[in-house]
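Here the structure comes first, spelled out in structure tokens, and everything after it is commentary.
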Amino acid sequence: MQKTQNAKPLQVAKFTADAMRLGGSTSANQRRFMKAAVLKGKDMEPVGVMAGACA
Numbered sequence: 002m003q004k005t006q007n008a009k010p011l012q013v014a015k016f017t018a019d020a021m022r023l024g025g026s027t028s029a030n031q032r033r034f035m036k037a038a039v040l041k042g043k044d045m046e047p048v049g050v051m052a053g054a055c056a
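Using my numbering, the letters of the sequence shown correspond one by one to residues 2 to 56.
This is how it looks when you write it as structure tokens:
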């Protein structure tokens, strides 16, 4: 049996579709946070120790 070259991309597409289907839509609270992030900009982002550990 020969290995197909497009097996990985098809698998990625399937997993992506499953995640979108199972994840549901964006909640009202998530939309509120995103709207605030757009309005306030990066000025409200934490810096230093408040930002957490660096990767």
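Here a beta-carbon is modelled for each residue, glycine too, at the ideal position from N, C-alpha and C. Predicted model, so just to flag it, every value in this text is computed and none were measured.
Between the alpha carbons of residue i and residue j, how many angstroms are there, rounded?
| i | j | result |
| --- | --- | --- |
| A38 | M21 | 23 Å |
| K15 | N30 | 28 Å |
| P10 | T17 | 10 Å |
| V13 | S26 | 20 Å |
| V50 | R33 | 25 Å |
| P47 | D19 | 34 Å |
| L23 | M35 | 21 Å |
| K43 | S28 | 23 Å |
| M45 | A8 | 44 Å |
Tell me whether residue i counts as near the ligand SAM, meaning its Cβ is closer than 6 Å to at least one heavy atom of that ligand.
| i | result |
| --- | --- |
| N7 | As for the ligand SAM, it is missing from this structure, which has no ligand bound. |
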